[in-house]
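Just remember that our numbering sits 80 ahead of the position in the sequence shown, which is counted from 1. Remarks on the structure that follows.
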Amino acid sequence: MSAFQASREFAEALDRQAPLTQFREEFSLAAHRLYLDGNSLGLLSRRAEASLESVLNSWRDYGIDGWSEGSHPWFELSERLGHMMAPLVGAQAHEVIVTGSTTVNLHQLLATFYHPQGPRRKILADSLAFPSDIYAISSHLRLHGFSPDDALVQVTSPDGFTLNEDDIIAAMTPEVALVILPSVLFVSGQLLDIAKLTAAAHERHILIGFDLAHSAGVIPHHLTAWGVDFAFWCTYKYLNGGPGSVGAIYVAGHHLGQRPGLAGWFSSEKTVQFDMAHHLVPAPDAGAFQIGTPHLLSLAPLIGSLEMFAETTVEAIRAKSLQLTRYFMDLAEIRLKDFDMRVVTPKDDTRRGGHIALVHPEAVRICKALKARHVIPDYRPPEVIRLAPVPLYTTYTDIWDAADHLWHIMDQREYSQYSQHRDIIA
Ligand SMILES: Cc1ncc(COP(=O)(O)O)c(C=O)c1O
């Protein structure tokens, strides 16, 4: 392809050569809507709809026997989906289970892996973490009788948007029992160096786990090879599992076989689960970190969605994602240069996640103006507009059109007609 041009024709030419375009037609893309919020909620695909329908059919056709009959028997479905998910995060099949939700899974992992001993009692996190993670960590510190003011260490950001891995490593002191970090920062889209952080934690005899909510399905990981102790993520963003779809847990093979911190009958080894004994025999695989009955109707769309991921590779998805975000940044540099709008997402490919974060003091009103023009971004405090081109369904032309809308909104100060009041769901 020839050198970058800011024209729509150039975007169209890029689309003609783009990989993965076969998936776009499988998604429900409303006419005239430019959906750039797949990092909050991925779109419905025909295959997800079909797999949901097939689980409904087994309920209708088999009743209770749907646990063992039908096209997707329910009893082993969480394990099966874990196996399908494992290549996306570079894990072995038995190390991943699809269960719970991001926050509940973090509670499970904290209950399992946080064992304060003497002075080694602190949990290290960061000041830009998603609030739910901090609430969960604080809960466990309190349950152990510690105050988060003392026992929660949050590494600060030099610029309010990004973190420096060396600062994080410097905070891995002998008082730290556990490190919990995001793979990709939810506001700025910075990708942390998971391999480096894991190696540094282990050199200091500290366990480390990652929140992969903003990377699962868009960035390859090598969790097993890197030796990450555990990870957790949601499936409703880049994995397109639907609102409230069931989350996932990875636990490194050498930690498997132990009793889960929060046990329930679905933690059981499957062959003895229905013995109904009061003595739990934990499953030998990551299935042990399940608690109760799986939420089948929120698992079902993932069957179809993960089938699509199995038809490509997460490396191919990442390659396209980097090209799309690079294209958007190049375009923004030309078309939005006059409007005091700053990209705070790292430009370096090795440090950039799947979305672009733009900062502007009028971010709330700009987001409203974009929505009025049927461009779907999201807003995050303090002044951030997040835009995510999703490799399975976003085109270069979508990005060009969105940038063009943004240019009009800024050039005509169209945003000034909207209130500065943020909606409840931003
Ligand atoms: C990075 C991150 N962590 C945790 C959560 C909380 O997820 P859940 O509501 O599924 O528990 C979210 C939700 O968007 C998130 O983005």
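For glycine and all other residues, C-beta sits at the position ideal for the given N, C-alpha and C.
For residue j and residue i, believed in contact at Cβ under 8 Å, the rounded distance
i    : j    : result
V444 : V464 : Contact doesn't hold; Cβ gap of about 10 Å is too wide.
I489 : L411 : Contact flag wrong, Cβ pair sits at about 15 Å.
A86  : R415 : 6 Å
L450 : L404 : Wrong, their Cβ atoms sit about 18 Å apart, outside the cutoff.
A216 : T183 : 6 Å
G324 : S378 : 6 Å
H358 : L114 : Not really, about 56 Å apart at Cβ, beyond 8 Å.
R431 : Q197 : The pair is not a contact, with the Cβ atoms about 35 Å apart (cut-off 8 Å).
I144 : G162 : I144 to G162, Cβ: 24 Å. No contact.
A171 : L319 : 15 Å between Cβ atoms; not a contact.
P300 : R140 : Contact doesn't hold; Cβ gap of about 39 Å is too wide.
Nearest to residue i (by Cα), restricted to the options the options
i    : options                : result
T351 : G341, L416, A368, L336 : A368
H435 : L100, V135, A296       : A296
P374 : P238, E159, F84        : E159
A482 : V184, R460, C447, I504 : C447
D95  : Q492, H294, D484, T474 : T474
P461 : A437, V135, P323, G324 : A437
P99  : E395, M421, R339       : E395
Y495 : A452, G146, G143, H358 : A452
L342 : H187, R493, W306       : H187
A173 : I249, G333, Y142       : G333
Q511 : R466, W306, A91, P441  : Absent from the model: residue 511. The displayed extent of the chain is 81 to 506, so no value can be given.
A305 : G322, D429, I397, P167 : P167
A257 : E283, D239, L272       : E283
G433 : R466, R104, D418, K417 : R466
A250 : D273, D239, A281       : A281
D484 : T393, K427, I505, E413 : E413
G322 : R104, A91, S108        : S108
T393 : Q97, S82, F103         : F103
P426 : Q97, D273, A363, D420  : D273
D420 : N137, A390, D491       : D491
Q338 : G344, M356, P364       : P364
S507 : D428, L376, K417, I504 : Any property of residue 507 remains undetermined from this structure, which presents the chain solely from 81 to 506.
CB contact flag (residue i, residue j, <8 Å)
i    : j    : result
V308 : T315 : no
D169 : A311 : For the record, residue 169 in the displayed sequence is Val; it is not Asp. For V169 and A311, yes; Cβs fall inside 8 Å.
S348 : V331 : no
A328 : M165 : yes
S401 : V298 : yes
M388 : E175 : no
L157 : P457 : no
H285 : V264 : no
V423 : M409 : yes
I260 : D213 : yes
I371 : F346 : yes
Y476 : Y407 : yes
F155 : F210 : no
S237 : S218 : no
L336 : W313 : no
S148 : S134 : no
P262 : F290 : yes
K317 : N185 : no
P199 : P254 : yes
Y459 : R502 : yes
Cutoff 8 Å: residue i Cβ touching any chain E Cβ
i    : result
P228 : Of the chains in the structure shown, none is chain E; there is only one protein chain.
Residue i - partner residues in DSSP beta bridges
i    : result
S348 : P362
W306 : The partner list for W306 (beta bridge, DSSP) is empty, contrary to what the question assumes.
Q234 : A205
G289 : I260, F310
D117 : A468
S125 : F107
D458 : R466
I217 : In DSSP, I217 forms no bridge with anything.
Y330 : V176, A311
L439 : Before going on, a small fix: residue 439 reads as Val here, not Leu. Per DSSP, R422, V464.
R432 : Q270
R200 : Q197
Is the region 199 to 207 touching the region 228 to 246 in the sense that three or more CB pairs, one from each, lie closer than 8 Å?
-> yes
Examine the Cβ distances between the region 236 to 250 and the region 267 to 283 and report whether three or more of them are shorter than 8 Å.
-> yes
Inter-stretch contact (C-beta, 8 Å, three-pair minimum) for the region 208 to 223 and the region 186 to 196 | yes
Between the region 467 to 477 and the region 114 to 126, do at least 3 Cβ pairs fall closer than 8 Å?
-> yes
Do the region 384 to 391 and the region 127 to 139 meet, that is, are 3 or more Cβ pairs less than 8 Å apart?
-> yes
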